[in-house]
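Keeping their order, the protein sequence lines are chains A and B.
Taking the numbering used here, I'd label the letters of the first sequence as residues 103 to 353.
Taking the numbering used here, I'd label the letters of the second sequence as residues 531 to 754.
The C-beta atom is built at its ideal place from N, Cα and C for all residues, glycine as well.
Right, one structure below, let's go through it.
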Amino acid sequence: MHFFRYVFFLFGFLGAGAGAASAEDVQVAVAANFTAPMQAIAAAFEQDTGHKARLAFGSSGKFYAQIRNGAPFQVLLSADDETPARLEREGMAVPGTRFTYAIGRLALWSAQAGAVDARGEVLKQGGYKHVAIANPKLAPYGAAAVEVMQRLGVIEAVRPKLVQGENIAQTHQFVASGNAELGFVALSQVTRDGKLTGGSAWIVPGDLHTPIRQDAVILAAGKGNAAASALMAYLKGEKAKAVIRTYGYDI
Amino acid sequence: MLTDTALSAIWLTLRLATVTTLLLFLIGTPIAWWLARTRCWLKAPVGAMVALPLVLPPTVIGFYLLVVMGPQGSIGQLTQALGLGVLPFTFWGLVVGSVLYSMPFVVQPLQNAFDAIGERPLEVAATLRAGPLDTFFTVVLPLARPGFITAGILGFAHTVGEFGVVLMIGGNIPDKTRVVSVQIYDHVEALEYAQAHWLSAGMLAFSFVVLLLLYVFNPNGRQR
Chain A
103 MHFFRYVFFL
113 FGFLGAGAGA
123 ASAEDVQVAV
133 AANFTAPMQA
143 IAAAFEQDTG
153 HKARLAFGSS
163 GKFYAQIRNG
173 APFQVLLSAD
183 DETPARLERE
193 GMAVPGTRFT
203 YAIGRLALWS
213 AQAGAVDARG
223 EVLKQGGYKH
233 VAIANPKLAP
243 YGAAAVEVMQ
253 RLGVIEAVRP
263 KLVQGENIAQ
273 THQFVASGNA
283 ELGFVALSQV
293 TRDGKLTGGS
303 AWIVPGDLHT
313 PIRQDAVILA
323 AGKGNAAASA
333 LMAYLKGEKA
343 KAVIRTYGYD
353 I
Chain B
531 MLTDTALSAI
541 WLTLRLATVT
551 TLLLFLIGTP
561 IAWWLARTRC
571 WLKAPVGAMV
581 ALPLVLPPTV
591 IGFYLLVVMG
601 PQGSIGQLTQ
611 ALGLGVLPFT
621 FWGLVVGSVL
631 YSMPFVVQPL
641 QNAFDAIGER
651 PLEVAATLRA
661 GPLDTFFTVV
671 LPLARPGFIT
681 AGILGFAHTV
691 GEFGVVLMIG
701 GNIPDKTRVV
711 SVQIYDHVEA
721 LEYAQAHWLS
731 AGMLAFSFVV
741 LLLLYVFNPN
751 GRQR
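This is the structure in structure tokens:
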């Protein structure tokens, strides 16, 4: 039957892109907040080393569940330090490969110019209906935002106005679309090269919350993969660090 | 076991699904009737519009609703002018989203039921001097009853199973917009797999019972 041969070819054709990664490929799970810098770093990494980094973006909790259930990721760039440590404890990551690749900074941001003053007084003054934060249970940036509001003593006043994004990307979307007048977003989402890309913001001082340490780790599937260790080394290098800083992270 | 937050999410979900289904009957019945009867060229475009949520990713619907119902969006400007504020992050915002999202699941079974009645009973009713409204309530409604049951069950169940749209416009507020599917997602993300299992198994059982009811009421599966 010719028909079956065609079907066979069709599947072969469609499946070609989904084959196993070659020796020089590394599958990387990347925290959503690190999307933009990682794309820039991956491009430079490819040029400098010849290895290719295939990036998947998402939340650390989802990646954790996927990795536990056999996802083929070889490196995890988490949004926290807890998930990589946990994976290492559970034997799903290569011991001794964990390190902090970026320290996240928080910004109280509005899409409107002049809405947020340089010291964040607007939070105490009121006059807004919604404040967007990332879900504090799931996202380190959300937990840090709650901590900041507690330190400022405004949490009880603000609580009825809180709306939660499932991750920091959705939180940004709530504020960018104007549905929430204010929101605590990742500084990396609203700055380039130290300048605000739009709206108005208060860059929250780092001492108002526990540092948002974002750790990377080589996963069990990446053990012995040359591209995985090359990527980890590359992330520790000055060139990558410079990129990471321009996106508003400390390191 | 089920915590207070889980119970409040379940209660909210049932409330949302009930309001949505009732509204869909009110809005969907005339649309389905018109689609079943008209010969107007608009029939195809309107039918396609109604069916759109079947093929669109919920994220697309949610994203556009967020933009359109937001303070700069056209619907957002209208609701603000009417003194209603903006709809995202509110229960009624979810209702609007759910009505759009579940529309085809109500309109299509109704339209099929109306189609199946044909012209004949209506003509007979007319010769017996029944007015259009009288005909609709005494002839069409009883004849289309299986269609209404299917439409109601599917509309309700589909709203209960909604996730993407709620996630995009809800803001995850307890008692207002945190429905069961979002709650499950939260549990999974927070690695609280035991709670996720309780709610997920509940959803599975609920969905099966609903579909079972559907097949019991319409065993020959003609009204879909």
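Host alpha helix (DSSP H) of residue i (start-end)
i, result
"F621/B", "F621 to I647"
"D664/B", "P662 to T665"
"D716/B", "V710 to E719"
"P333/A", "It is worth fixing the name first, because residue 333/A is Leu in this sequence and not Pro. Start and end: A328 to K338."
"Q275/A", "I270 to A278"
"L235/A", "According to the sequence provided, residue 235/A is Ile. The question's Leu does not apply to it. Where I235/A is concerned, there is no enclosing alpha helix (DSSP H), although the beta strand (DSSP E) it sits in stretches over V233 to A236."
"S212/A", "Careful: S212/A lies outside any alpha helix (DSSP H), inside the beta strand (DSSP E) at L208 to S212."
"Q227/A", "V224 to Q227"
"L741/B", "Y723 to F747"
"R569/B", "From DSSP, R569/B is part of no alpha helix (DSSP H); its letter is neither H nor E."
"K706/B", "Run containing K706/B: none; DSSP gives neither H nor E here."
"R188/A", "E184 to R191"
"K239/A", "Element bounds for K239/A: n/a, residue is neither H nor E."
"Y594/B", "P588 to M599"
Beta-bridge pairing of residue i - partner residues as DSSP gives them
i, result
"W541/B", "For W541/B, which the question treats as bridged, DSSP gives no partner whatsoever."
"T199/A", "According to DSSP, which records beta bridges pairwise, T199/A is partnered with nothing at all."
"I205/A", "R315/A and D352/A"
"G615/B", "BP columns for G615/B are empty, so no partner."
"A303/A", "W211/A"
"K325/A", "None; K325/A has no bridge partner."
"T680/B", "T680/B pairs with nothing; no bridge assigned."
"R294/A", "K297/A"
Nearest to residue i (by Cα), restricted to the options the options
i, options, result
"L596/B", "I169/A, K263/A, T202/A and S279/A", "S279/A"
"L512/B", "A720/B, F686/B and A566/B", "Limits of chain B in this structure are 531 at one end and 754 at the other, which puts residue 512/B out of reach."
"G206/A", "T185/A, R200/A and P242/A", "P242/A"
"K325/A", "F165/A, A209/A, E223/A and E190/A", "E190/A"
"N281/A", "Q227/A, W211/A and F159/A", "W211/A"
"V128/A", "V248/A, L333/A, K338/A and V345/A", "L333/A"
"A726/B", "F736/B, P662/B, F644/B and V710/B", "V710/B"
"S737/B", "G558/B, I703/B and V690/B", "V690/B"
"R200/A", "A288/A, A330/A and G350/A", "A330/A"
"F747/B", "P583/B, I679/B, P662/B and G577/B", "I679/B"
"M733/B", "T535/B, T533/B, D534/B and T543/B", "T543/B"
"D317/A", "K338/A, A323/A and I143/A", "K338/A"
"F175/A", "V130/A, A187/A and E223/A", "V130/A"
"V218/A", "I305/A, Y351/A and K231/A", "I305/A"
"L310/A", "A303/A, Q227/A and L208/A", "L208/A"
"G300/A", "P307/A, A213/A and E192/A", "A213/A"
"L684/B", "Y594/B, T568/B, V549/B and S632/B", "S632/B"
"K341/A", "Q252/A, E126/A, A195/A and A146/A", "A146/A"
"T137/A", "R156/A, G152/A, T312/A and E148/A", "R156/A"
"V718/B", "I143/A, E126/A, Q168/A and A144/A", "Q168/A"
Unbroken beta strand (DSSP E) run spanning residue i, endpoints
i, result
"F286/A", "L284 to A288"
"F159/A", "K154 to G160"
"D150/A", "D150/A -> not in any beta strand (DSSP E); alpha helix (DSSP H) instead, spanning T137 to T151."
"Q74/A", "The requested residue 74/A does not occur in the structure, where chain A is confined to residues 103 to 353."
"V177/A", "V177 to L179"
"L658/B", "First-last for L658/B: undefined, no H or E at that position."
"G267/A", "L264 to G267"
"A133/A", "D127 to A133"
Contact under 9 Å by Cβ, residue i with residue j
i, j, result
"T202/A", "A236/A", "no"
"L298/A", "V292/A", "yes"
"L565/B", "V580/B", "yes"
"F621/B", "L546/B", "yes"
"F276/A", "A328/A", "no"
"D183/A", "Y336/A", "no"
"G163/A", "L240/A", "yes"
"V256/A", "L179/A", "no"
"N269/A", "A134/A", "yes"
"A643/B", "G677/B", "yes"
"L640/B", "A611/B", "no"
"Q266/A", "G244/A", "yes"
"S302/A", "G216/A", "yes"
"A247/A", "I346/A", "no"
"T535/B", "R708/B", "yes"
"P618/B", "V695/B", "no"
"V319/A", "P139/A", "no"
Any non-hydrogen atom of the ligand MN within 8 Å of residue i CB
i, result
"E190/A", "Here there are no bound small molecules, and the ligand MN is not part of this structure."
message: Short of 8 Å Cβ to Cβ, which residues in the region 234-247 of chain A face chain B?
response: Within the region 234-247 of chain A, the residues whose Cβ lies closer than 8 Å to some Cβ of chain B are A234, N237, K239 and L240, listed in chain order.
- prompt: Got a sec: which bits of the region 587-616 of chain B sit with their beta carbon under 9 Å from any beta carbon on chain A, in order along the chain?
  reply: Here the close residues are F593, L596, V597, M599, G600, P601, Q602, G603, G606, G615 and V616.
message: Short of 7 Å Cβ to Cβ, which residues in the region 688-712 of chain B face chain A?
response: Listed by position along the chain: L697, G701, N702 and I703.
message: At a CB distance below 8 Å, what residues from the region 159-183 of chain A approach chain B? Give them in sequence order.
response: Here the close residues are S161, G163, K164, Y166 and A167.
- request: Note down, in chain order, all residues in the region 273-305 of chain A with a beta-carbon under 8 Å from any beta-carbon belonging to chain B.
  value: So the list reads Q275, F276, S279, G280, N281 and A282, given in the order they occur along the chain.
query: Listed in chain order, which residues of the region 257-270 of chain A have Cβ atoms closer than 7 Å to some Cβ of chain B?
result: For the region 257-270 of chain A, which is checked against every Cβ of chain B, the residues closer than 7 Å are V265, Q266 and E268.
Positions along the region 221-232 of chain A whose CB lies within less than 8 Å of some CB in chain B: Here the close residues are K231 and H232.
query: Which of the residues in the region 624-648 of chain B, read from start to end, lie with their CB under 8 Å from any CB of chain A?
result: Shown here is that no member of the region 624-648 of chain B has a Cβ falling below 8 Å from a Cβ of chain A.
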